[in-house]
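Reading the sequence shown from the start, the letters are residues 162 to 421 in the numbering used here.
Every residue, glycine too, gets a C-beta built ideally from N, C-alpha and C.
First up is the structure itself, then whatever we jot down about it.
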Amino acid sequence: MIIIAVSNRVGAMKRQLHLNLFIHSRGHHEASWRHPGSSPLALTDIRYYQDLACRAEAALFDSIFLADQLALGDDVAQAARTWLEPVTVLAAMAVATSRIGMIATASTTYTEPFNLARQFASLDHISNGRVAWNIVTSWLATAAGNFGGTGQMSHADRYVRAEEFMSVVKALWDSWADDAVIDDRAGGRYARADRIRPINHKGEYYQVAGPLNVPRCPQGRPVLVQAGSPTPAAASLHGMPRRCLRPTWRRRPPRRSTPT
Ligand SMILES: Cc1cc2nc3c(=O)[nH]c(=O)nc-3n(C[C@H](O)[C@H](O)[C@H](O)COP(=O)(O)O)c2cc1C
């Protein structure tokens, strides 16, 4: 982390600059994968991502960001824009690091809320509370061809679906109380069943009984990120401000789950 000292009339004021490493292939430029100084490791070699994560953590970066799209680009012949699946990569980076925050992109349009809530709860356990989800509705039209081939949903429909998706995911994360797991080996009681509750969601797009089958994670709910410009035209989800990558690990949301 870089500290910038700014003087004013009252005295010296310190401001913190938050740094995020956006890992994208071997660099964002189309030709960066060919740079003589670039890593010799393949983009499918997990050591490439773990090494970058360790370097970012040592350099006091706040977070690492992994973007994602769900279809291969048409420039693969000359541009190395392939990578490993972000949730999987985050798990591997989590065990190689201990402090840095990590953001994985996942789509509300092409996944089910139960799967995604479970994956991010698991990642939060694996990382001991350092995970965030970059919520996207997937703008790439060709992704639709990989999920049923019925064509891309409209922008408005994707965001209506995303709203409901997020409600379900949050309810699933909250379906276990903080104190549900007892793990009392001598007494033979693993969990308090009365502290775990179904969600019984019945909506326009999803019907999800719940509860989640992963105990409540360290952050309660992983940090939510929505990348984009704060323009009036940009859709925002669940009232989240639309800014460019501003997760707030140092101001974690309060744990909210208290099933009764
Ligand atoms: C820094 C940044 C990273 C983004 N990463 C992804 C991504 O990995 N996958 C994706 O489908 N969209 C990504 N987006 C696109 C946004 O999710 C969003 O679709 C875009 O800002 C347009 O807003 P709209 O969907 O409301 O039209 C990213 C946008 C920004 C600014």
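Which residues does DSSP pair with residue 262 in a beta bridge? 224
So, residue 295 versus residue 214, is the Cβ gap smaller than 8 angstroms? no
Take residue 212 and list the residues in its own chain whose beta-carbon comes closer than 8 angstroms to its own, dropping the five residues that flank it on each side. 200, 202
At a cut of 8 angstroms, does the segment 315-322 reach the segment 235-255 through at least three beta carbon pairs? Taking 8 angstroms as the limit for Cβ pairs, the verdict is that the segment 235-255 does not touch the segment 315-322.
Quick check: is any heavy atom of ligand 1 less than 7 angstroms from the C-beta of residue 224? no
Inter-residue spacing [alpha-carbon to alpha-carbon] between residue 325 and residue 365: 8 angstroms
Is it the case that the Cβ atoms of residue 359 and residue 281 are separated by a distance below 8 angstroms? no
Could you have a look at residue 236 and say whether DSSP puts it in helix, strand or coil? coil
Less than 7 angstroms between the CB of residue 233 and some heavy atom of ligand 1, yes or no? no
Residue-level contact to chain D via CB, residue 209, 8 angstroms cutoff: Checking the listed chains, one finds no chain D in this structure; it contains a single protein chain.
For residue 296, report the span of its alpha helix (DSSP H) as first-last. Counting along the chain, residue 296 falls outside any alpha helix (DSSP H), though it belongs to the beta strand (DSSP E) covering 292-297.
Assess, as a yes-or-no matter, whether the segment 249-268 is touched by the segment 218-238 under the definition of 3 or more beta carbon pairs within less than 8 angstroms. yes
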